[in-house]
Amino acid sequence: MKSIKLLALAAALAIPVGLGACSDDDPMSPASQSRVRVLHASPDAPPVDVLVDGQVVLQNVAYQAFSDYLDVPAGARNFQVRVTGTTTTVIDVTPTLSDGQDYTVIAKGLVSSIGVLLLEDDNTPPAAGNVKVRLVHGAPGAPVVDIYVTAPGANLATANPTLTGVPFEGVSPYLSVPAGDYQVRITPTTTKTVAIDSGPLTLAAGQIRTAIAVDNAGGGGPFGAVLLPDLN
Numbered sequence: 115m116k117s118i119k120l121l122a123l124a125a126a127l128a129i130p131v132g133l134g135a136c137s138d139d140d141p142m143s144p145a146s147q148s149r150v151r152v153l154h155a156s157p158d159a160p161p162v163d164v165l166v167d168g169q170v171v172l173q174n175v176a177y178q179a180f181s182d183y184l185d186v187p188a189g190a191r192n193f194q195v196r197v198t199g200t201t202t203t204v205i206d207v208t209p210t211l212s213d214g215q216d217y218t219v220i221a222k223g224l225v226s227s228i229g230v231l232l233l234e235d236d237n238t239p240p241a242a243g244n245v246k247v248r249l250v251h252g253a254p255g256a257p258v259v260d261i262y263v264t265a266p267g268a269n270l271a272t273a274n275p276t277l278t279g280v281p282f283e284g285v286s287p288y289l290s291v292p293a294g295d296y297q298v299r300i301t302p303t304t305t306k307t308v309a310i311d312s313g314p315l316t317l318a319a320g321q322i323r324t325a326i327a328v329d330n331a332g333g334g335g336p337f338g339a340v341l342l343p344d345l346n
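For the sequence shown, the working numbering assigns the number 115 to the initial residue and increments by one for each residue that follows.
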């Protein structure tokens, strides 16, 4: 993973490595856990460090870079995002994480209004022969959009959008579709003018993916997309 240094989260959170952490109620049971991954999607923000409960878990996360899933104890966890190598905190939130739940934390928006979009991920496998795809509008410089998921090269003039009127921070449900070749194109709503084009995508049975529309570095167009591998 480029530009990201993964630290030993267990050590950072003072959990004895190799011994496991125990709950207060049952000293022999493992602690409740969730999994969290982080995406830097603030186009005019510099590289950042990510802290959980005051301990650095990711360093030098560049724009559009994302982490693997990290094991994090369930419960109220404090997440801070700082400009790399400084104590300047640009995000400070304390979400409550559920036991066994996977999450995607997206640093979103321009620096002037930077915030967090917290997504609950559903990594239960799709039906046999299918894939699951979730679509997120994470481009602050783009207007409300329509999203087309079609066969590669399909004529948009005769196609109906898969999702219509998606605003910034809009998140689709997981779409379950047969495995195969697809193309995702995003247009300003009610138009056929393509602002983001994924190009041909081959999705294999059992895969789960989250696609996030993003600004160009610095903000605005040309727009692009980040494809996160949720499962497989």
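For each residue, glycine too, the CB sits at the ideal point set by N, CA and C.
Burial state of residue i, where buried means 16 or more other Cβ atoms lie within 10 Å
i: V186; result: buried
i: S113; result: Because the chain here runs from 115 to 346, residue 113 falls outside it and cannot be looked at.
i: S290; result: exposed
i: N292; result: Before going further, note that residue 292 is Pro rather than Asn in the sequence given. Exposed: under 16 other Cβ atoms inside 10 Å.
i: P157; result: buried
i: N274; result: exposed
i: D140; result: The predicted position of D140 is uncertain, since its pLDDT is 41 and thus under 50; no value can be drawn from it.
i: S148; result: buried
i: G223; result: buried
Cβ separation of residue i and residue j, assumed to be a contact under 8 Å, to the nearest whole Å
i: L345; j: F180; result: Between F180 and L345 the Cβ distance is about 15 Å, and since that is not below 8 Å, they are no contact.
i: A253; j: F282; result: 7 Å
i: I322; j: V197; result: I322 to V197, Cβ: 32 Å. No contact.
i: Q297; j: S286; result: No, Q297 and S286 are not in contact; Cβ-Cβ is about 16 Å, not under 8 Å.
i: R191; j: D167; result: 6 Å
Continuous beta strand (DSSP E) stretch holding residue i: start and end
i: D163; result: V162 to V166
i: K246; result: N244 to H251
i: D201; result: Sequence inspection shows Thr at residue 201; the Asp mentioned does not correspond to that position. Note, T201: premise wrong, no beta strand (DSSP E); not H, not E.
i: D260; result: V259 to T264
Assigned secondary structure, residue i (DSSP; H/G/I helix, E/B strand, else coil)
i: S290; result: strand
i: Y227; result: Note that residue 227 corresponds to Ser in the displayed sequence, not to Tyr. Of the three classes helix, strand and coil, the one that applies to S227 here is helix, per DSSP.
i: A331; result: coil
i: A159; result: coil
i: T272; result: helix
i: V195; result: strand
i: V175; result: strand
Residue i - partner residues in DSSP beta bridges
i: F180; result: L153
i: K306; result: According to DSSP, K306 bridges with nothing at all.
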